[in-house]
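K.L.:
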Amino acid sequence: MRLTLRLLSLFLFSFISGNLMAQSNQGISGRILDSISREPLEFITVGLFNKEGKVMLTTVTTPEGRFELKTANTEASFIRISFVGYVTKQLSVALQSDKSLKDILLSPTVSQLSEVNVTALKKMVIQKPGMLIYDAGNDPGNKGGTAADVLRKAPVLNVDAQGNVSMRGSKNIKILIDGKYSGQMARSPADALNMMPSNIIASVEIITTPSAKYDAEGAAGVINIITKKDKKQMNGALEAVASNWEQALNPRFSMADQKWNINVNAHLHRLRMKSTSAYSRNNFNDQGALLSSLDQTKIQDNTAPHGSANIAIDYTADTLNRFSFGFTSWFGNWPNNNRLFSQVSAANGTVLESYRQDVDTKAAYLGGDINFGYIRKFKAPGRELALLAQFSPSKDRSRYLSDRSATDDQLLYRELNNSGTRNSEWTFQTDYLHPFGKENKYSFEGGLKMISRNVSNDYRVEGSKAGQPTVLEPISERNDIFEYGQQVYSGYAILKFNLPANWYIETGARLEHTRLNGNFISAGNTFAKDFTNLIPTATLSKKLNERQSLSMSYTRRLTRPYIWDLNPNLDTSDPKNIVTGNPQLEPELADQAELSYAISFNSGLSLNSAFFWKQTNNSIEDFTVTDANGISTTNKQNLAANRQLGLNLSVALPLTSKWNVNSNVNIYKLDFQSKALQVDNKGWNAEFNLNTSYKLPGNFTVQAFGDYNSRIRMLQGYKTFKYFYSIAGKKELPSKRLSFTLAFINPFNETINQREVINSKTFISSAYNRNYNQTIKMSVTWEFGRLFEQKESRKISNDDVKSRPNG
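Residues in the sequence shown are numbered consecutively from 3, following the numbering used here.
(1) Hey, which unbroken runs of the beta strand (DSSP E) at 3 residues or more fall wholly within the stretch 698-769?
(2) Report buried or exposed for P589, applying the criterion of at least 16 other Cβ atoms within 10 angstroms of its Cβ.
(3) Are the CB atoms of S404 and K364 within a distance shorter than 8 Å?
(4) Report yes or no: do the stretch 474-483 and the stretch 449-464 share at least 3 C-beta pairs separated by less than 8 Å?
(5) Please report the distance separating the alpha-carbon of F746 from that of Q776.
(6) Should the stretch 177-196 be called in touch with the stretch 353-373, which here means at least 3 C-beta pairs below 8 Å?
(7) Please name the residue, chosen from P749, Y402, R272, that lies closest to A730 on a Cα-to-Cα basis.
(8) Pick out whichever of A706, W686, V681 has its Cα sitting closest to the Cα of N693.
(9) Please report the residue range of the beta strand (DSSP E) in which I537 lies.
(10) I'd like to check one pair, R170 with N620: are the Cβ atoms closer than 8 Å?
(11) If I'm right that L273 touches E241 with Cβ under 8 Å, what's the distance once you round it to whole angstroms?
(12) Alpha carbon to alpha carbon, how far is F343 from Q302? Give it in angstroms, no decimals.
(13) In chain order, what residues of the same chain have a beta carbon less than 8 Å from the beta carbon of K53, not counting five sequence neighbours either side?
(14) With distances taken between CB atoms, is the gap from K498 to Y434 smaller than 8 Å?
(15) Using DSSP with H/G/I as helix, E/B as strand and the rest coil, what is S109?
(16) Leaving out five residues on either side along the sequence, give the residues of the same chain with a beta carbon under 8 Å from the beta carbon of I209.
(17) Could you check whether the stretch 345-359 touches the stretch 372-391, counting it as contact only if at least three pairs of C-beta atoms, one from each stretch, sit closer than 8 Å?
(18) What first and last residue would you give for the alpha helix (DSSP H) that runs through V95?
(19) Could you tell me the boundaries of the alpha helix (DSSP H) in which I565 lies?
(20) Going by CA-CA distance only, name the one from L59, S31, K660 that's closest to K697.
(21) Give me, in chain order, the residues of the same chain whose beta-carbon lies closer than 6 Å to that of V120; leave out the 5 immediate sequence neighbours on both sides.
(22) For A391, report the span of its beta strand (DSSP E) as first-last.
(23) Should the stretch 523-537 be regarded as contacting the stretch 545-553, the criterion being three or more beta carbon pairs within less than 8 Å?
(24) Thinking C-beta only, is L607 closer than 8 Å to L651?
(25) According to DSSP, is A306 part of a helix, a strand, or is it coil?
(26) Could you pull the start and end residues of the alpha helix (DSSP H) that M198 belongs to?
(27) State the DSSP-derived secondary structure class of A503, mapped to helix, strand or coil.
(28) Among N644, V95, L293, T636, which residue has its Cα nearest to the Cα of K72?
(29) Around the C-beta of S19, are 16 or more other C-beta atoms found within 10 angstroms, so that it is buried, or is it exposed?
(30) Report the CB separation of G648 from K684 in whole angstroms; it is logged as a contact under 8 Å.
(31) Using a threshold of 8 Å, state whether the C-beta atoms of G29 and I106 are closer than that.
(32) When you compare only the Cα positions, how much space is there between V206 and G487?
(33) Quick check on the burial criterion: 16 or more other C-beta atoms within 10 angstroms. Buried or exposed for D411?
(34) Between S458 and W428, is the Cβ-Cβ spacing less than 8 Å?
(35) Using beta carbons (cut-off 8 Å, strictly below), is Q718 in contact with chain D?
(36) For N160, count neighbouring C-beta atoms within 10 Å of its own C-beta (all shown protein chains included) and say buried if the count is 16 or more, exposed if not.
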């Protein structure tokens, strides 16, 4: 509480001092536009320099292309405006009084080197109201990795060894690609992130309090991965990656003229995953007496070949009409073969059962996204109408064959589980943007959207015939066809106000109506649910001066269950630990708010911070129970309230012009409460990472990264701490357009280790997991091409589906 009061006092002091400073400072402001399209340019870097070329202040432009620089220092000589793919512009200034420049036009062309030596380093993390932006493209340690590696370095996020992502302790998040829904991400975000090469990622937006424009799905927030858009007439790159755990080939190519823009990229990846785990569970009766004990050892060593391909085509008919087409396909096999040794003992230590389980799995999948878009601009600047449509078909074919054998290798029982899933999804969306007021400082944004999903899962299970373990016969009660439909109808409206004295207000609301229906064909059981949710959002921000800003935001989020949460098909590949779905699962609703503060100093030090609060009353959580035979069953339940209160800090410090340090800290308190389970599990969690890079002579760069996570609270228990670190070196040959990166991941530790403990009245379990991750990785990248103008296309962003967990 003392820390909270001190930081709030700092905010108030900064607010007052910022306004006092603003009264005496001189300022320069303006708007930056694309020289061809005359559209405002966002995230353009504007720097104020003295006569020696030393940076005095820097800022980035708003979505309206506006910037403002204020300082009491009268030694300012010029401003420098720069952005990748645009010619750098330099304008002389004299700050005797506030000055507003005419619209500044930037031309898309090859960047020219200035004769002035500018000593400034680019920030790795930028804070905006309700979001943080991680500049992944400028991190040399990301070469040769995957999207999962990139997200490990992003603020607020946590990524485990399998690639599962959480935000502030919750996995209920939505992941978009260029603002676009991805069926691949919805199917399994961990698999999708491990399939996406890091070399195509420019930045990552971590949206902690999304506006009404975003679908309400994703209780924790939204992650938007922005891919690189090289502004070249003909541009290509080929990256080859080799390590002791993975091999990858990542080609990409683009070409364009004044009307056409075509981008193609592909990814071929072979990933090996190895792990071991030791699991123990003590089972008790209602009086707390020990009934039995289970001890297991599992060994997994799998290779997953997979790939993806993407093509995006934009056609600009004229200055007011633009058409787009996109196609993405993904394919592969993600097996989960394992060998499991199990022993069951009575309370007195007598061995009751001992066996070996060999599980052979197939998990083939194929899917795609096809989207069409049309954007109509108007003569009034900023006014725009967008029509979008997308079709996302996919199919999965999974199978496991499980053999249970005695210690003398005699087959005891065999089970075959075949499951086939087909998904068909249509999305239609329209968005309208209308600026108004003097200099278009206000704007209205609204839209309508319809999503129709239809999924069918046909699962068939066969087991050993009594007395004949090699002869299989159908298990009728575990055979069925589960048909599931989900329709979501939504509309939103947002008002944005850029007010005097650097105030900004955004208020909006989103209305979503959802229809769910399920049908078990063989059993004859059906269910149907309808519900409507009003999602309010609000943001208030104040730019205190060129170095400080404050913002407050609020939103409501929801998480809908999907077929993998509802499907009752039993996974009994481990007969002592069964996993299934819950057809009675309800959506969860979460209210969340945050107060953020950003400050930067002349030294280059920048600090982004945010207090956050979230309350979920019907949280969807994994829940495990055991029966009288000591067999556990895990599914998802609405059994608990989940409250969070915490602080995020992101710090960037350029120690010299060549040495940069970035760090992210996430501290929060988790409080799980369940009257039904009589559970009150609370405690503090902490996540910390440090990233540093140094530029050496001869186009060498070295980089080091470390990540530490403390104990993580869960509804029924906790996970122990874990850490991850890497060292990388990069050598560039500009004349050959070649770069070589050598990376060492966990060079002094063979495995990443973590223990998971679950406590309940009827059992206590402990799982010690060891994931092999010690890696030496080499990547080679060759790039070619010329600069060209890049048009921005609109994409479908179905961020309303709860992503499928992995691992």
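Each residue gets a CB set at the ideal place from its N, CA and C atoms; glycine is no exception.
Bear in mind the structure is a predicted one, so any value in this text is a computation, not a measurement.
P.N.:
Taking the geometry as given:
(1) 702-711, 719-721, 724-735, 740-747, 753-761
(2) buried
(3) no
(4) yes
(5) In a straight line, the C-alpha of F746 is about 8 Å away from that of Q776.
(6) yes
(7) P749
(8) A706
(9) 527-545
(10) no
(11) Actually they are not in contact, since the Cβ atoms of L273 and E241 sit about 16 Å apart, beyond 8 Å.
(12) 12 Å
(13) E77, S79
(14) no
(15) The DSSP-derived three-state label of S109 is coil.
(16) G132, M133, Y216, G223, V224, I225, N226
(17) no
(18) Counting along the chain, no alpha helix (DSSP H) covers V95, and no H or E run does either.
(19) 565-568
(20) Nearest C-alpha to K697: K660.
(21) Reliability fails at V120, whose pLDDT of 33 lies under 50, so the model's placement of it is uncertain and no value is given.
(22) 386-407
(23) no
(24) no
(25) strand
(26) Unbroken run through M198: none, as it is neither H nor E.
(27) helix
(28) V95
(29) At S19, the pLDDT of 44 sits below 50, so the modelled position is not reliable and the matter cannot be decided from this model.
(30) The Cβ separation is near 13 Å, so there is no contact.
(31) no
(32) 32 Å
(33) exposed
(34) no
(35) Annotation note: the requested chain D is absent from the structure, which comprises a single protein chain.
(36) buried
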